[in-house]
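K.L.:
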Amino acid sequence: MRWVLRIGSLAVVLVLWQLLTASDTRAWLRFDQLPTVVEVVERFAVQIGVAEFYHDLGASLGRIMAGFLLAAVLGVALGVVIARSRWLGDLLRPPLEVVRPIPAIALVPIAILLFPTDEQGIVFITFVAAFFPILVSTRHAVRALPTIWEDAVRTMGASTRQVLFRVVLPGTLPGVFGGLSVGMGVAWICVISAEMISGQFGVGYRTWQAYTVVDYPGVIVGMVTIGGLGYLTSAAVELLGRRVTRWLPREALR
Amino acid sequence: MSLHVRSLTVGYGRSTVLSDFSLDVGPGEFVVVAGPSGCGKSTLLRAVAGLVPFAGSITVAGQAVRGPSRDRALVFQDDGLLPWRTAVRNVELPLALQGVPRTQRRARALEWLGRVGLTGFEDYLPRELSGGMRQRVQLARTLAQQPSVVLMDEPFGALDAQTRASMQDLVTEVLDGTTTLFVTHDVDEAVLLGDRVVVLGTGEVERRRDAILAAVKA
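Which chain is which? The protein sequence lines are Y and V, in order. Taking the UniProt record's numbering, the leading residue of the first sequence gets 1, the next gets one more, and so forth. Taking the UniProt record's numbering, the leading residue of the second sequence gets 1, the next gets one more, and so forth.
1) Could you pull out every residue in the same chain whose Cβ sits closer than 8 angstroms to the Cβ of G28 (chain V), ignoring the five residues on either side in sequence?
2) Which of the three DSSP states, helix, strand or coil, is assigned to V205 (chain V)?
3) Using the rule of at least 16 other Cβ atoms within 10 Å of the residue's Cβ for burial, across every protein chain shown, is L232 (chain Y) buried or exposed?
4) Below 7 angstroms on C-beta distance, what does P53 (chain V) contact in chain Y?
5) List, in chain order, every chain V residue whose beta-carbon is nearer than 9 angstroms to that of T172 (chain Y).
6) How many Å lie between L239 (chain Y) and I58 (chain V) at the Cα?
7) Taking D123 (chain V) as the query, report the chain Y residues whose CB atoms sit under 8 angstroms from its CB, ordered along the chain.
8) When you compare the CB positions of T212 (chain Y) and I226 (chain Y), do they come within less than 9 angstroms of one another, or not?
9) So, with DSSP's three-state summary, where would you put F30 (chain V)?
10) Determine the direct distance from the alpha carbon of Q145 (chain V) to that of Q63 (chain V), and round the result to whole angstroms.
11) According to the Cβ coordinates, are residue 247 (chain V) and P126 (chain V) closer than 9 angstroms?
12) Would you tell me roughly how many angstroms separate the C-alpha atoms of S37 (chain V) and G157 (chain V), rounded to the nearest one?
13) What residues in the region 70 to 90 of chain V bring their beta carbon closer than 7 angstroms to a beta carbon of chain Y?
14) Would you say P155 (chain V) faces chain Y, with C-beta separation under 9 angstroms as the test?
15) Within this structure, are the beta carbons of A34 (chain V) and V171 (chain V) separated by less than 9 angstroms?
16) Exposed or buried, which one is P94 (chain V) when buried takes at least 16 other CB atoms within 10 Å?
17) At what residues does the beta strand (DSSP E) containing T233 (chain Y) begin and finish?
18) In terms of alpha-carbon separation, which member of V:G132, V:E189, V:L192 and V:L181 lies closest to S2 (chain V)?
19) Using C-beta distances below 7 angstroms, list every residue in its chain close to V219 (chain Y), excluding the 5 sequence neighbours before and after it, in chain order.
20) If you run the structure through DSSP and keep just helix, strand and coil, what is D118 (chain Y)?
21) Return the first residue and the last residue of the beta strand (DSSP E) that V150 (chain V) is part of.
22) Let me see if you follow: with CB-CB separation under 9 angstroms, is L240 (chain Y) close to chain V or not?
23) Do we get a CB-CB distance below 9 angstroms when we pair P126 (chain V) with the residues of chain Y?
24) Assign residue 263 (chain Y) to buried or exposed, taking buried as 16 or more other Cβ atoms, counted over all protein chains shown, within 10 Å of its Cβ.
25) Compare the C-beta of A144 (chain Y) against all C-beta atoms of chain V and say whether one is closer than 9 angstroms.
26) What's the C-alpha gap between L173 (chain Y) and D123 (chain V)?
27) May I ask you to report which of helix, strand or coil DSSP gives I48 (chain Y)?
28) Threshold first: 4 residues or longer. Then list the alpha helix (DSSP H) segments lying entirely within the region 47 to 90 of chain Y, N to C.
29) Considering G132 (chain V), what are the terminal residues of the alpha helix (DSSP H) in which it resides?
30) With the cut-off set at 9 angstroms, would you say V176 (chain Y) and I134 (chain Y) are in Cβ contact?
31) From the beta carbon of P68 (chain V), is the nearest beta carbon of chain Y less than 9 angstroms away?
32) To the nearest angstrom, how far is it from the Cα of E92 (chain V) to the Cα of G228 (chain Y)?
33) Does the distance from the CB of P68 (chain V) to the CB of T160 (chain Y) come in under 9 angstroms?
34) Strictly below 8 angstroms CB to CB, what residues from chain V border V167 (chain Y)?
35) Closer than 8 angstroms by C-beta to V88 (chain V): which residues in its own chain qualify, once you throw out the five before and the five after it? Chain order, please.
36) Can you pull the DSSP bridge partners for L8 (chain V)?
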């Protein structure tokens, strides 16, 4: 019964949208400016037959993957180092803390100036966006690790390296995946914004391009595509996270 | 292997938890250190395990203790298992750290799990096992490690009376002939398990020492 209600509420929203736009309603909000649901669906049907659409998808996904993976590797590595070593923490934290409050998207001008190609600049912005949530959650997770596990493994004769790979990394995975989920979300926000500002292709660029050429159904198609990609990548992170943290008590997974 | 503790002093910050404590445990001897909470018995074990800095000297088989080593295994009250590893993989861990090849260490771990009565539970995660079963896994892991000295820190403190009794039987059986330092606040347990019982107390606790000793003898 519940799924009837869920699908029903979605259908109501779509019907309302269709009615408001098709009747050119203007009640402070200017629905007459927006495309109808039917126009969007027709536009989508055209788009999925065009090679450019897939080229844009591939470009955006490639940028997300490059930036996000770089952020995951460096964020986890630096998060562990900062939490475990006092002097490396003292050395690395000040510059990181200065950059952290700056929204990644505010770095676009710097990225354009700094990197030889727009492509590298966009990946850089995506990287910065995902990096800080991953770094911070990793650091907290390492700090919160129960000392008993480390004590147990050390009294089995584990080396520092073995403690790191057998206890610290697996033990912090639940916290790290929290950071990865947040990181994936902000990475999408930033890759799309960066593409709108400085890209020559990609889903974000295409969406803004559609707006500038008054192709409003194209704008909505872009938005829906971005939403779909964001959902898929977040679900992938979530799924992987659940797989590697199956040992957690079940209550904590909800 | 024999264990000698000489003039051991351990402090955390400004407070001294143990001061000028000495103890000898002969090869194969099972010594129980009894005393109420806060008397420093866990600290004694952590010092022998090499997990806390101390003044004085601790030697095991003539070797001075300078840090943790696989020679001195520590059994914890609870949660000493890595929760992401199944029972058998927890038992394999000390062997993996020693570089024992995979198939060999699996076989040995299964053997030890059988020894503590957990055949059939090898693929269970710690959270899927009862408290008593988890302590059995810890025991199997300790045995797999083959240390010279076993240090046990209130290992049955969190168990119900019945489970505790069966664990006490098991420990007597499997640790027979292994040099063991066992810490508990339970006087009955101390008397039951120990070849020798040492009562540890400081300050206010020292005044109750005679009362505890009387109880031990009764």
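Here a beta-carbon is modelled for each residue, glycine too, at the ideal position from N, C-alpha and C. These numbers were taken from a predicted model, which means no experiment stands behind them.
P.N.:
Quick look at the numbers:
1) Taken in chain order, the residues that qualify are G177, T178 and T179.
2) Bear in mind that the predicted position of V205 (chain V) carries a pLDDT of just 46, short of 50, making it too unreliable to give a figure here.
3) With a 10 Å radius around the Cβ and a threshold of 16 neighbouring Cβ atoms, L232 (chain Y) comes out exposed.
4) What P53 (chain V) touches in chain Y, judged by beta-carbon distance under 7 angstroms, is nothing: the nearest beta carbon there is about 14 angstroms away.
5) Neighbours of T172 (chain Y) on chain V: none; closest Cβ ~11 angstroms, over 9 angstroms.
6) A straight-line Cα-Cα distance of about 50 angstroms links L239 (chain Y) and I58 (chain V).
7) Those do not exist, as D123 (chain V) stays about 12 angstroms from chain Y at its closest Cβ, beyond 8 angstroms.
8) In this structure, T212 (chain Y) keeps its C-beta atom at 9 angstroms or more from the C-beta atom of I226 (chain Y).
9) F30 (chain V): strand per DSSP, three-state reduction.
10) Going by the C-alpha atoms only, they are around 19 angstroms apart.
11) There is simply no residue 247 (chain V) to check, as chain V begins at 1 and stops at 218 in what is shown.
12) Between S37 (chain V) and G157 (chain V), the C-alpha separation is close to 12 angstroms.
13) For the region 70 to 90 of chain V, which is checked against every Cβ of chain Y, the residues closer than 7 angstroms are R70, R72, A73, L74, F76, D79, G80, L82, P83 and W84.
14) Not closer than 9 angstroms to any Cβ of chain Y, the Cβ of P155 (chain V) fails to qualify, so no.
15) When the beta-carbon positions are compared, A34 (chain V) and V171 (chain V) stay at least 9 angstroms from each other.
16) Sixteen is the threshold: when 16 or more other Cβ atoms of the shown chains lie within 10 Å of the Cβ of P94 (chain V), as they do, the residue is buried.
17) First-last for T233 (chain Y): Y216 to V244, but that is the alpha helix (DSSP H), not the beta strand (DSSP E).
18) Closest option to S2 (chain V), Cα to Cα, is V:L181.
19) If the five residues before and after V219 (chain Y) are omitted, its C-beta is found closer than 7 angstroms to the C-beta atoms of T207, A210 and Y211, all from its own chain and listed in chain order.
20) Here D118 (chain Y) sits in helix by DSSP.
21) Start and end: V149 to D153.
22) Residue-level contact check: L240 (chain Y) does not touch chain V, since none of the beta carbons of chain V fall below 9 angstroms from its beta carbon.
23) Yes, because at least one Cβ of chain Y sits closer than 9 angstroms to the Cβ of P126 (chain V).
24) Lying outside 1 to 254, the shown extent of chain Y, residue 263 (chain Y) is not represented and no answer is given.
25) No, its Cβ sits nowhere closer than 9 angstroms to a Cβ of chain V.
26) Cα-Cα distance, rounded: 21 angstroms.
27) Note: I48 (chain Y) maps to coil in three-state DSSP.
28) If only complete runs of 4 or more residues are kept, the region 47 to 90 of chain Y shows the alpha helix (DSSP H) at 51 to 84, in order along the chain.
29) G131 to Q145 is the extent of the alpha helix (DSSP H) around G132 (chain V).
30) I134 (chain Y) is positioned such that its CB atom lies closer than 9 angstroms to that of V176 (chain Y).
31) Yes, P68 (chain V) counts as interfacial toward chain Y.
32) G228 (chain Y) has its alpha-carbon roughly 44 angstroms from the corresponding atom of E92 (chain V).
33) No; because the gap between Cβ atoms is not below 9 angstroms, this pair is not in contact.
34) In chain order: L82.
35) Contacts found: R106, A109, L110, L113, E122 and D123.
36) Its beta-bridge partners are V:F21.
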